[in-house]
Structures are given as C-alpha cells and as structure tokens.
Amino acid sequence: MYKRILLKLSGESLMGSKQYGIDEVRLAEYAQQIKEVAELGVQIGIVIGGGNIFRGLTGAGKGFDRVKGDQMGMLATTINALALSSALTSIGQKARVLTAVNMFPIGEQYSKWKAIEVMEKGEIAILAGGTGCPYFTTDTGSALRGIEIEADVMLKGTRVDGIYTADPEKDPTATKFDKITYDEIYHKGLKVMDLTATTLCRDNKLPIIVFNMDKNGNLLKVMKGDGIGTLVYEG
Ligand code: UDP
C-alpha cells in the first residue's frame, strides 16, 4: 500500500448536481472517503481545483486580464480548500490549509517541510492556490506538489472511472485502459491532464492513477490496489 499520496480533486466535481459553487453532500462524501484512508495511516496531501467558482481562461474570454483572472482562480481553489478542511474537521479528521502564497491567517504558507510535518502528524495537508503562478492549472500544481512532498503516487479523482480511448460521455465505443504509459498519452493525444502536468509527472517518475472519486468507497479501493481506474506509468 502507498505510504504517502497526493490526491487531486477537481473543483468542478465539488459542484455535485449544482451549476455553481459547492454541493455540501458531495463535500461530505469526499471528506468521509478521505478520512477512511487517513485511518489506515496513509499520509495525505490534497490539491483541489477551483473550476466550480472561477477559471482564469474563461475570465480572459470575457475581457478579464488573464493574470488577474488566474489569481481569482487561485483564490477559488483556496475557498474550496477551506470548505474541505472544514468538512474534514467536522467529522473528526484534522486538516490544515497551506497556501502557495502568503494569506495568513487563512492558511499557513506552504513549504515542502511544513507539508511533510503536517502529514507526519496524521493531519491532512490541503495545499491551496495551485502553484501560486498564473498560466498554470491545479493539475500542474498537484504534479508539482506530488513531486515536492515525495508522494508515492498522484491520485486524480474525476467523474469518469479512468482513461478511455475516446471521451466515453460522447463515444459509446470508447474502451478503458487499465494502464498506459506517459508516452502513449502524448502519442494518442489523450486529454488526461494538460501537457505541463503530464510532463512533470513523467520527468520525475510520479505515477498517476485516474479514477472515479464520485463513487463512495473508491478512494479506499484504489489504496487497497483493487485495480480500479487507470494507472499511468513510465513503461
Ligand atoms: N490557477 C492558476 N495557477 C495555478 C493553479 C490554478 O492560475 O497554479 C487558476 C487558473 O485560472 C485555473 C483556476 O485557478 O483556471 C482554477 O483551477 P483549475 O481550472 O485547475 O481547477 P479545476 O479544473 O481542477 O476545477
């Protein structure tokens, strides 16, 4: 079993059945799944997106300055991080928010060593604000943090159960890969994550598991090696 994981949660999936913002039911389900795994003694770092609130690129399309839009997106990830830490704390799981840029007292400023110290105490380290830089995504932020904190694996929780030959929501003939190499992702042009994130994982040999986090119990199954999802590896 993995000793230390970096879990990436998309902001969009926090919306649940809503059109915008945070669905409390989905949030509580995520918190429960995370607690179950923490109770096994696994050290957990989490990077959460902000797409349920604001995306810089969408803002730029509406006339926002891109850098300011991205900063708004990074603040959106921080809102989600606070919501998740609150949901975890309310069920008795300690968690701390570490932010990419200084926002004290909303969170403590992130450093690799602070994050490791938090995780070694059995608390969940929620790493907010992505990379802290515009023009990046939280997928890249999670690849970066995964490498920095020396995670054994990056778990990308999505609403589909792995990587498919085509978008399974559009193409009924699409089939799922049990495992795939980073290079196959490039060559087949699969849209798993942005290329910056994929490249960072490949160059630093951080394996990725893409799985459906919206099904209760799946995070535990991934941890127990039940073979759900798709493993991305070096080959
Ligand atoms: N963002 C950024 N730098 C980062 C991470 C995120 O500028 O390192 C901004 C960017 O505008 C992005 C938004 O924050 O659109 C929300 O993150 P993302 O779109 O990755 O969220 P998700 O798709 O996972 O919900």
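Under our numbering, think of the first position of the sequence shown as 7, with each following residue one higher. Idealized CB from N, CA, C, for every residue including glycine. All figures in this text were calculated on a predicted structure; none of them were measured in a lab.
Assigned exposure category for residue i - 16 Cβ within 10 Å defines buried
| i | result |
| --- | --- |
| N58 | buried |
| R208 | buried |
| P111 | exposed |
| I97 | exposed |
| M125 | buried |
| V238 | buried |
| N86 | buried |
| A224 | The displayed chain sequence assigns Asn, not Ala, to residue 224. With 16 or more Cβ atoms within 10 Å of its Cβ, N224 is classed as buried. |
| M80 | buried |
Residue i Cβ short of 6 angstroms to the ligand UDP heavy atom set
| i | result |
| --- | --- |
| F142 | yes |
| D167 | no |
| S23 | no |
| D76 | yes |
| G152 | no |
| T164 | no |
| M80 | yes |
| E42 | no |
| S96 | no |
| R32 | no |
| G62 | yes |
| T137 | yes |
| T16 | According to the sequence as given, residue 16 is Ser; it is not Thr. Checking every heavy atom of the ligand UDP against the Cβ of S16, one is found closer than 6 angstroms. |
Between the CA atoms of residue j and residue i - distance to the nearest angstrom
| i | j | result |
| --- | --- | --- |
| V43 | I54 | 17 angstroms |
| K227 | V198 | 21 angstroms |
| T105 | I191 | 31 angstroms |
| L88 | K14 | 15 angstroms |
| G22 | D158 | 29 angstroms |
| A244 | A180 | Residue 244 lies beyond the residue range present for the chain, which begins at 7 and ends at 241; the question has no answer from this structure. |
| L212 | Q39 | 23 angstroms |
| Q115 | V103 | 9 angstroms |
| T187 | M229 | 20 angstroms |
| G135 | T171 | 32 angstroms |
| L20 | G195 | 27 angstroms |
| S91 | E129 | 10 angstroms |
| V107 | P178 | 43 angstroms |
| D220 | T164 | 7 angstroms |
| I153 | L161 | 13 angstroms |
| R32 | N218 | 13 angstroms |
| R25 | K68 | A small fix is needed here, since residue 25 is Gln in this sequence, not Arg. Computed Cα separation, rounded: 19 angstroms. |
C-beta neighbour in chain B for residue i, strict 7 angstroms
| i | result |
| --- | --- |
| Y141 | Judged by its chain identifiers, the structure shown contains no chain B, having just a single protein chain. |
Within the chosen definition, does the segment 135-146 reach the segment 61-80 through at least 3 CB pairs nearer than 8 angstroms? Yes, they touch.
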